[in-house]
Structures are given as structure tokens and as C-alpha cells.
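Numbering (UniProt numbering), first residue to last: 1 to 312.
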Amino acid sequence: MKFQTHVSVVIPTAYEIFSVSFVVTVFNPDFVASGNRASRMVCITSGGTTVPLERKCVRFIDNFSSGHRGAASTECFMKAGYSVIFINRRGTAQPFCRFLPEDPLLTCFEPAGDNLIQLIPSHAVAVQKAVTEYHSALNSGHLLNLPYTTLFEYLEILKIVSLSLRQLQRNCMFYLAAAVSDFYVPWQSMVEHKIQSGVGPMAMELAQVPKMLMLLRHLWAPEAFCVSFKLETDVKILIKKAQAAREKYGMHAVVANELETRKQKVIVVTNEGQVLVEKDASQADVEIPLVDFLIAQQTSYIEAGGANVLVV
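Spelled out as C-alpha cells, the structure:
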């Protein structure tokens, strides 16, 4: 399933929305019908959104994110037994493939005669491991990959997934690691065709993106365990901003990242205070202890709510 987002369409069509709804609906009942009431599902958002400047989009504003955190976290949650819906920006890091070269097709393969290619031996182990683990995850029925590019796609997909997972109640987690645009050009304000450079300097007024965290937390999936992320370059304001976000939107946890140290350590802000989470020398990613901590937090949340019966 793919969306048309390059040049011609910047918002998902009715057919594309239906396609997402269908695959999520098919994925979700399979999870519920498994009969394992201890099973859990996490929706992970990853990568950055684009904000189109024209309806027939050529120019856009981009929130950059490599998607490493979302991809690494997907691996960690799956190893812990979770089913994962991975809402990710096209072209960003994918689970089980993070350690391949930047352009694996051209880097890991070489010509081998007429109309043939072969895997370069030095990359064989890494490629085989990535392909095997990724396809194993997909074929197991515990990983659903939903790609997006634009802000409009992202918000629509998140809404569809949230409403679909509502029935899982506290057994569901939302792990919102995507870098979502704060400002956008409303559809009614967009020009249809490419903005011309010959007209001189351009002034454009951007509107603030509606805060969907409030809707997700209190309307779409009010019983789910919700985790958001806050990234700052100034450590002096980081915790204050994370605390404010947790209180404003009712998040169960906010992961506070400082730009330069985000790959080594994070601070998780909950209603009980702050916890420093950092990787040790034996761990490749800070996501390993982070996911472990959040799973423990969700377990406490489930137990505090009593019996959590899934509604079929």
C-alpha cells in the first residue's frame, strides 16, 4: 500500500484512507483473536513530516528526522513480545536494517556477468540478517508498516490507528517519536501550482498545527498508555518543557532529549518525577533501556487499572 505524495497529491485521497483503515482493521482483529489477553500492541511513530506549500507540491518545509529512534524501538518492543504498528516517514530508518550502508542496493551488491548481480561477501552477513529478521517480523503478523510523507498523511493515519486500537485499552501503547511539524499551510490557503521564484521575496503566513495529542489522549484512545518526546538544544529548558507537555496533554510519560546527548541518555518525565535512562557499555542503543523502562511503566499502569478485558 502506497500513497501518492510526490508532486501530484499532498493529502491522502478517500481511497488511500480506506486502504489504511482496511489494513489496520485486518491487523487488529488478528491480534485480538490470538486469545492471549496478556499480549500488547504499540503504535510507534517515526521520522519527520513535510508541509507542502502548493497543492501540486514542488516546494515544502521538512522536519528532519533520521527515524533511528523509532526503528530501534520497534526492534526492542518486538523482542519484548509486542505487536507493532510502525507509522514511518518514507526513506527513513527501518527496523532490522539500521546497520546496513546508506544505499544498500548499490553498496552491498555488484555485477556478476550478463544480467546478474551478486551480494558482496563483506556485506553478506549483515544483509542476510537484516532481510531475514525484517521478513520474519512481517510474516509473523506482528509488524504492520504504514508509511507517510506529508503532515496531512501522518495525522490521518494516526487518527485511523488510534480509533482502531481504542478497544485494546491499557494493553495498547502509543510511542510518539515522530518529528511533527508545528506549523503548516492550510489547504484553503495553498496556491495550486508551483510558486514562482521570479516574483521576488515571498511572505507566507503559517498556521499552527492543531495539537492532536489532546485528541489522542482523551478522545481517540483514552485508555492507552501514551508516551511523547520532547527535543531541545538548550538543556536548561528541556525538563521544564517536558513537564509542561506532560501536564498539558495528560501524557503518561514524556521522553526528554537533548540534541547532543540523545543517543546516549534521555530523561523520562512522569507524574512521579524524573528518571535518567542511559545505555551502558554493553548496549548498542539507548532505546534498549528506554523501552524496558516504559514497558515496566505500562505494566504498572495496567495493574493499577484492574482486569483489562479486550473488547472484540
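Glycine residues also receive a C-beta, built at the ideal position from the N, C-alpha and C atoms.
Keep in mind it's a predicted model, so treat the numbers as computed, not measured.
Per DSSP, the unbroken alpha helix (DSSP H) holding asparagine 139 starts and ends at 124–139.
Using a Cβ-Cβ distance cut-off of 8 Å, the stretch 61–74 and the stretch 187–198 are not in contact, since fewer than three pairs of beta carbons, one from each stretch, lie closer than that value. Restricting attention to Ser282, Arg246, Ala126 and Leu216, the CA atom closest to the CA of valine 268 is found in Arg246. Looking at the DSSP output, glycine 48 shares a beta bridge with Ala179. Counting only the Cα atoms, valine 180 lies some 36 Å from alanine 124. Setting aside the 5 residues that flank it on each side, proline 111 is surrounded in the same chain by Ile117, each with a C-beta closer than 7 Å to its C-beta; the list follows chain order.
Inter-residue distance for threonine 74 and glycine 200 is about 46 Å (C-alpha atoms, whole angstroms). Spatial neighbours of isoleucine 87 in its own chain (CB-CB distance under 6 Å, excluding positions within 5 residues in sequence) are listed in chain order as Thr45, Leu146 and Ile157. For glutamine 297, the three-state secondary structure derived from DSSP is helix.
In the structure shown, isoleucine 87 adopts extended strand secondary structure according to DSSP, grouped into three states. In the three-state scheme derived from DSSP, where H, G and I count as helix and E and B as strand, glutamine 196 is classed as coil. In this chain, tyrosine 82 is not harboured by any beta strand (DSSP E), its DSSP state being neither H nor E. If you check the CB distance, methionine 214 and tyrosine 184 do not come in under 7 Å. By the neighbour-count criterion, in which a residue is buried when 16 or more other Cβ atoms sit within 10 angstroms of its Cβ, proline 222 is exposed.
The three-state secondary structure of glutamine 264, taken from DSSP, is coil. Relative to the Cα of leucine 290, the nearest Cα in the group Leu105, Glu303, Tyr301 and Ala253 belongs to Ala253. Ile120 is the residue among Ile85, Ile120, Asp114 and Phe96 whose C-alpha sits nearest the C-alpha of leucine 105. For tyrosine 175, the closest of Glu153, His135, Leu216 and Asp182 by C-alpha to C-alpha distance is Leu216.
If you draw a 10 Å sphere on the C-beta of glutamine 283, you find fewer than 16 other C-beta atoms in it, and that means exposed. As computed with DSSP, lysine 230 is found in a beta bridge with Ala256.
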